[in-house]
Amino acid sequence: MDKEIDLRPEHGESTPRAVAVLATDPAGDAFIPPHTHRRGQLIHAISGVMLVSAAAGSWVVPTGRGVWVPGGMEHQIRMAGEVRMRTVFVEPGTRADLGSECRVIHVGALLRELIVTAVSLPLDYAPGGRDERVMELILDEIEAAPALSLYVPMPRHARLAALCEELVRDPSLPATLDEWASRLHMNTRTLARLFQRETGMNFGAWCRQARLLLSLPRLAAGASILEVALAHGYESPSAFTAMFRRTLGVPPSQYLHRPG
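Take 1 as the starting number for the sequence shown in the UniProt record's numbering and just add one per residue.
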């Protein structure tokens, strides 16, 4: 069973400075229940994998990546295995280019080291000195970081969203356009158009993306490729590996361990 933890965001939001960086190292498979922050935040996985979920979708955050969550957006975080999380809190209005939507970014070596360094800085660091320059450079690097396609968009259509949530909760479930159309009492062409309009993806692509990204926490927790493939709706490890390589560029054995 996941261990529910209290993130206590006020520690990163009550500081008089525009940027604050905090460390959270929960034990085991932890869960942070739905909550909001007044400040925007970059949630960075130094190790492990996180699944960050909000109304708009789910973002998979493996080691060496981070997800930007704008202020005021309700979200929850589920962690796989031993996760070491570093969070950059940013006061609203500090940088307009940080964006008003969630996105996963690549955290390069420089940004990672800046975040690690900033954890040890006081929350009320002196303005105009080295500490403030470290924080400003962190913001520069977040703005410049490339966005990654580690994203499962969720439809707003209530009945369709309910079916999508079923698959997210259990990726091993069989799913076909015909079956879902029958459950929604519509024809397949209508469902196909609805799905494309609501998510920006066709039905098959969405299912493959969801299953693939949701497999990352299991891989990070040490499950075998055979276990993960079968638990996420693939007929064989080779089929899973081929889809993984085609989508993410490397086989699953390499992806989680490549440098961030």
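Glycine included, each C-beta is placed from N, C-alpha and C at the ideal position.
Computed from a predicted structure; not experimentally measured.
- Membership of Leu-51 in the beta strand (DSSP E) is indicated by the continuous run 40-54.
- Of all alpha-carbon atoms in Val-116, Leu-148 and Leu-139, the one lying nearest the alpha-carbon of Met-85 is that of Val-116.
- Tyr-234 carries a coil assignment under DSSP once its states are collapsed to helix, strand and coil.
- Each of Ser-120, Val-90, Leu-212 and Tyr-234 was checked against the Cα of Leu-51, and the nearest Cα belongs to Leu-212.
- Bounds of the alpha helix (DSSP H) holding Leu-110 are 109-119.
- Secondary structure of Met-85 (DSSP, three-state): strand.
- By the Cβ test, the stretch 27-36 is not in contact with the stretch 191-207, since fewer than three Cβ pairs between them sit closer than 8 Å.
- For Tyr-255, the secondary structure class from DSSP, reduced to helix, strand or coil, is helix.
- Spatial neighbours of Leu-42 in its own chain (CB-CB distance under 6 Å, excluding positions within 5 residues in sequence) are listed in chain order as Gly-66, Trp-68, Val-88 and Ile-142.
- DSSP, read as helix, strand or coil, puts Ala-145 in coil.
- Residue environment analysis places Val-228 among the buried positions, since at least 16 neighbouring C-beta atoms fall within 10 angstroms of its C-beta.
- Segment contact: the stretch 55-62 against the stretch 127-139, fewer than three CB-CB distances shorter than 8 Å; contact not assigned.
- Classified as exposed, Gly-72 has fewer than 16 neighbouring CB atoms from the shown chains inside 10 Å of its CB.
- For Leu-213, the uninterrupted alpha helix (DSSP H) run begins and ends at 203-220, by DSSP.
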